[in-house]
Amino acid sequence: MSYPDKVLGDDEEVVRHLHPHWLTVFWPIVLFLLLVGAASFGAAAVPAGDQQGRWRLVVVAVALVLVLFLVAVPLLRWRTTHYVITTHRLLYRTGILSRSGRDIGLSRITDVSYRQTVWDRVINSGTVTIETAGEGGATVLTAIPDSDGVQQLVNQLVEEDADRRAREGAGYLGQYQRGESQPPQ
171 MSYPDKVLGD
181 DEEVVRHLHP
191 HWLTVFWPIV
201 LFLLLVGAAS
211 FGAAAVPAGD
221 QQGRWRLVVV
231 AVALVLVLFL
241 VAVPLLRWRT
251 THYVITTHRL
261 LYRTGILSRS
271 GRDIGLSRIT
281 DVSYRQTVWD
291 RVINSGTVTI
301 ETAGEGGATV
311 LTAIPDSDGV
321 QQLVNQLVEE
331 DADRRAREGA
341 GYLGQYQRGE
351 SQPPQ
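Those letters in the sequence shown? Residues 171 to 355, by the working numbering.
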């Protein structure tokens with residue numbers, strides 16, 4: 171699924187669209203399997219009698235509520251968390267019902283670093299920290315797949331963006347000196 175074009179500028183292209191590492195949903199899936207097994211065992215263990223149907227419904231209802239909160243919510247949180255790197259900026263969006271996000275222009279990025287634990291190195295994941303000029307502090311993106319590759323990509327795009335802006339500025343200055351455009355206000 172590509173990121174919605176409505177949030178992109180005219181000459182902006184998506185370079186990389188990421189979700190948190192897939193292992194962030196590993197334990198919710200394992201928990202789902204355990205809950206299905208426990209609910210099946212619990213429903214089968216209900217003794218025969220007049221109330222057997224009601225108790226089985228209670229067991230299934232409890233299992234469904236647990237699945238909703240312990241499995242569905244983490245899966246939806248994973249699916250609705252987007253790390254998008256474009257040719258002009260970095261976009262971070264998260265949230266299931268209510269959404270929040272942050273857009274960081276490549277020209278505002280002053281430092282990009284990553285951190286990996288031993289386990290992160292094994293699964294090729296990590297944390298990317300992006301320092302920006304101005305207020306707001308650092309943006310920390312956790313569970314990023316290929317975090318060292320993402321760090322290198324963002325650094326490369328920051329340099330390319332600076333070169334592009336310098337060329338555009340030089341072109342505008344040349345036009346101004348030749349009298350083809352008006353000076354900045």
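C-beta: ideal position from N, C-alpha, C; glycine also.
Taking a cut-off of 8 Å for Cβ pairs, the stretch 177-197 and the stretch 301-318 touch, as three or more such pairs fall below it. Around the C-beta of residue 337, fewer than 16 other C-beta atoms lie within 10 Å, and the residue is accordingly described as exposed. For the 8 Å CB-CB criterion, residue 248 and residue 309 do not form a contact. Take residue 260, set aside five residues on each side of it, and the residues of its chain with a beta-carbon closer than 6 Å to its own are 274, in chain order. Beta-bridge partners assigned by DSSP to residue 329: none are found. Membership of residue 313 in the beta strand (DSSP E) is indicated by the continuous run 309-315. Fewer than three beta-carbon pairs drawn from the stretch 253-269 and the stretch 220-227 are found closer than 8 Å, and the two stretches are therefore not classed as touching. In the structure shown, residue 338 adopts helical secondary structure according to DSSP, grouped into three states.
Taken through DSSP and simplified to helix, strand or coil, residue 279 comes out as strand.
The C-beta distance from residue 205 to residue 230 rounds to 11 Å, too long to meet the 8 Å contact threshold. If one requires a minimum length of 3 residues, the beta strand (DSSP E) runs lying completely within the stretch 218-298 are 252-256, 259-264, 270-275 and 279-285, in chain order.
Across the set 293, 307 and 292, the C-alpha of 307 shows the shortest separation from the C-alpha of residue 299. Residue state for residue 178 is assigned as coil, using DSSP reduced to three classes.
Look at the beta carbons and you see the stretch 278-295 not touching the stretch 210-218: under three pairs across the two are nearer than 8 Å.
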